[in-house]
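Novice:
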Amino acid sequence: MGFFNNFFSKNRGYVMPVDLSVFKVDMHSHLIPNIDDGSKSIDETVNMLLKFESMGYRKVITTPHIMSDHYPNTKEVIIKGLKDVRRELSKLNLDIILEVAAEYYFDYELMNNIINKEELLVFGDNYLLVEFPFHSKPNEIEKLFFQLLLQGYKPVVAHFERYLYFNDIVSLAREWREKGIFIQLNFSSVFNFYGREVRCRAEKLIDSKQVDFAATDCHNIENLILLESNRSKEYLYKLSCIDLRNSDLI
Ligand SMILES: [Fe+2]
Numbered sequence: 010m011g012f013f014n015n016f017f018s019k020n021r022g023y024v025m026p027v028d029l030s031v032f033k034v035d036m037h038s039h040l041i042p043n044i045d046d047g048s049k050s051i052d053e054t055v056n057m058l059l060k061f062e063s064m065g066y067r068k069v070i071t072t073p074h075i076m077s078d079h080y081p082n083t084k085e086v087i088i089k090g091l092k093d094v095r096r097e098l099s100k101l102n103l104d105i106i107l108e109v110a111a112e113y114y115f116d117y118e119l120m121n122n123i124i125n126k127e128e129l130l131v132f133g134d135n136y137l138l139v140e141f142p143f144h145s146k147p148n149e150i151e152k153l154f155f156q157l158l159l160q161g162y163k164p165v166v167a168h169f170e171r172y173l174y175f176n177d178i179v180s181l182a183r184e185w186r187e188k189g190i191f192i193q194l195n196f197s198s199v200f201n202f203y204g205r206e207v208r209c210r211a212e213k214l215i216d217s218k219q220v221d222f223a224a225t226d227c228h229n230i231e232n233l234i235l236l237e238s239n240r241s242k243e244y245l246y247k248l249s250c251i252d253l254r255n256s257d258l259i
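Take the position in the sequence shown, starting the count at 1, then add 9; the result is the number in our numbering.
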């Protein structure tokens with residue numbers, strides 16, 4: 010093999026580093042300390058926000074888990090957490106906006122809240138972040154979407170590429186997006202963080218441009234270091250070329 014063939018085969022999949030400020034807003038993370046499996050302290054939260062700022066982000070909408078079995082957070086708990094973090098941030102000269110919404114787990118409690126028309130934590134233009142179980146496909150996804158759309162919510166499926174029980178995800182993403190459901194992809198999926206299969210699925214979604222939001226789903230600073238150190242990955246570049254809705258949230 011000649012020099013050029015060698016060079017390109019070694020560097021396949023790499024491009025010029027992506028300027029992460031193009032994403033502007035992160036809309037999925039776990040930065041409120043000690044209420045879910047994310048940040049464990051206010052210092053950890055501040056360090057993550059400093060990292061977001063240094064990567065060029067202008068706003069972070071953090072989304073604590075609301076999951077009745079493991080993290081039974083309420084709107085009040087989350088908003089109090091936001092106030093505590095903002096109080097700490099006001100002591101620093103941090104040029105980043107922090108807001109909250111939630112990552113709702115699809116369980117009985119969520120369906121009940123929707124049916125009872127409880128006010129849910131949304132972001133931007135009434136977007137509602139929903140996650141599904143990883144190991145078994147819930148039976149009533151269509152019913153969930155129907156109820157949410159009926160009530161004027163815009164459902165956003167958290168890390169859609171990670172639910173391996175969905176086959177032919179490109180077609181499914183197309184079908185759902187036509188109905189008014191939005192697709193969120195995790196950066197970490199592109200970097201093999203969840204394994205090869207999830208990475209391949211993420212690449213298919215990117216190649217077919219079936220992505221509405223890209224997010225860190227950051228639980229600790231390692232997730233952000235992973236993003237920063239993979240800025241030259243070809244699929245991060247391809248993702249940055251898609252007309253994502255992240256920047257509408259500014
Ligand atoms: Fe999450």
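From the three backbone atoms N, C-alpha and C, an ideal C-beta is built for every residue, glycine too.
Just checking Glu243 against ligand 1 - is the residue's beta carbon closer than 6 angstroms to any of the ligand's heavy atoms?
Specialist: The residue given as residue 243 occupies position 234 in the sequence shown. Not under cutoff, so the answer is no.
Novice: Is Asp226 near ligand 1, going by C-beta to nearest heavy atom under 6 angstroms?
Specialist: As a first step, residue 226 must be located in the sequence shown, where it is residue number 217. It does: the Cβ of Asp226 is within 6 angstroms (strictly closer) of some heavy atom of ligand 1.
Novice: Near Lys60, what residues of its chain come up, given a Cβ to Cβ distance below 7 angstroms and the 5 sequence neighbours on each side ignored?
Specialist: On the sequence shown, position 51 is the one that residue 60 refers to. Correct list, in chain order: Ile230, Leu233.
Novice: Using only the heavy atoms of ligand 1, determine whether one of them is closer than 6 angstroms to the beta carbon of Glu170.
Specialist: Residue numbering aside, residue 170 sits at position 161 when the sequence shown is read from its first letter. The answer is no for Glu170.
Novice: Please state whether the Cβ-Cβ distance between Val220 and Arg171 is less than 7 angstroms.
Specialist: Start at 1 with the first residue of the sequence shown, and residue 220 comes out as number 211. Start at 1 with the first residue of the sequence shown, and residue 171 comes out as number 162. Not in contact: Val220 and Arg171 (Cβ atoms no closer than 7 angstroms).
Novice: Chain B beta carbons: is any one of them nearer than 7 angstroms to that of Cys250?
Specialist: Going by chain labels, chain B is absent from the structure shown, which holds only one protein chain.
Novice: State the Cα-Cα distance for the pair Leu253 and Asp35, rounded to the nearest angstrom.
Specialist: One-based indexing of the sequence shown puts residue 253 at position 244. One-based indexing of the sequence shown puts residue 35 at position 26. C-alpha separation (whole angstroms): 11 angstroms.
Novice: CB of Glu108 to nearest heavy atom of ligand 1: below 6 angstroms?
Specialist: Here residue 108 corresponds to residue number 99 of the sequence shown, with the count starting at 1. No, ligand 1 has no heavy atom inside 6 angstroms of this Cβ.
Novice: From what residue to what residue does the beta strand (DSSP E) around Ala167 run?
Specialist: On the sequence shown, position 158 is the one that residue 167 refers to. Here Ala167 belongs to no beta strand (DSSP E), and DSSP marks it neither H nor E.
Novice: Inspect the beta-carbon positions of Met64 and Glu237 and report whether they are closer than 7 angstroms.
Specialist: Your numbering for residue 64 matches position 55 in the sequence shown. Your numbering for residue 237 matches position 228 in the sequence shown. Result yes, Cβ atoms of Met64 and Glu237 sit closer than 7 angstroms.
Novice: Can the beta-carbon of Ile190 be found less than 7 angstroms from the beta-carbon of Gln156?
Specialist: Counted from its first residue, the sequence shown places residue 190 at position 181. Counted from its first residue, the sequence shown places residue 156 at position 147. Taking 7 angstroms as the Cβ cut-off, Ile190 and Gln156 do not qualify as a contacting pair.
Novice: Could you give the C-beta distance for Val31 and Glu243, rounded to a whole number, given that I count them as a contact under 8 angstroms?
Specialist: Translated into positions along the sequence shown, residue 31 becomes position 22. Translated into positions along the sequence shown, residue 243 becomes position 234. The Cβ separation is near 16 angstroms, so there is no contact.
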